[in-house]
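Below: the structure, in structure tokens.
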Amino acid sequence: MQQKPHTGDVLHLTRAASVQFLRPIVVRVIRVLDWPTYDGWLWIDGYQLGANGDAVARRSLFVMPAGLIWSDPPAPAAPRPTTRTPVKRGPVSVR
12 MQQKPHTGDV LHLTRAASVQ FLRPIVVRVI RVLDWPTYDG WLWIDGYQLG
62 ANGDAVARRS LFVMPAGLIW SDPPAPAAPR PTTRTPVKRG PVSVR
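If you read the sequence shown in the numbering used here, its first letter stands for residue 12, the second for the next number, and so on.
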């Protein structure tokens with residue numbers, strides 16, 4: 012029996028999952044949809060992830076569970092250091 016995706020799973024989708032993935036994508040599953048389909052296929056609702064792990068698009072995808080590849084979520088990008096310019100402090104004149 013094939014494993015079905017669950018909410019929060021991160022999937023690497025290639026042509027093994029469907030011919031629509033000529034260019035593989037990574038998707039975080041929102042839910043498996045209960046839509047009618049051909050035997051051995053299913054609909055999933057999910058967020059397509061960019062290289063840094065951020066969601067770039069929401070998609071409903073028609074896939075073959077036998078071709079799904081479970082993967083670890085992409086590591087979040089390292090935060091950029093903030094540079095600060097020191098403020099010159101001196102005497103304040105009060106009149």
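Ideal Cβ positions, reconstructed from N, Cα and C, are used throughout, including at glycine.
Would the beta-carbon of residue i fall within 8 Å of that of residue j?
i     : j     : result
HIS23 : SER82 : yes
LEU60 : PRO76 : no
GLY57 : ILE41 : yes
So, for residue i: in the same chain, excluding its five sequence neighbours on each side, which residues have a beta-carbon less than 7 Å away from its beta-carbon?
i     : result
ILE36 : LEU24, GLN59
For a test of your reading of the model: does the CB of residue i fall under 7 Å from any non-hydrogen atom of the ligand GTP? Yes or no.
i     : result
PHE73 : The ligand GTP is absent from the structure shown, which contains no ligands of any kind.
Please classify residue i: does DSSP put it in a helix, a strand, or coil?
i     : result
ALA66 : strand
GLY57 : strand
By the 10 Å Cβ neighbour count, where 16 or more other Cβ atoms means buried, how is residue i classified, buried or exposed?
i     : result
LEU72 : buried
ALA68 : exposed
VAL38 : buried
Tell me which same chain residues have a C-beta within less than 8 Å of the C-beta of residue i, skipping the five on either side of it?
i     : result
LYS15 : VAL43, LEU53, PRO76
What are the uninterrupted segments assigned as beta strand (DSSP E) that are 3 or more residues long and contained completely in the region 20-57, given in chain order?
21-24, 36-44
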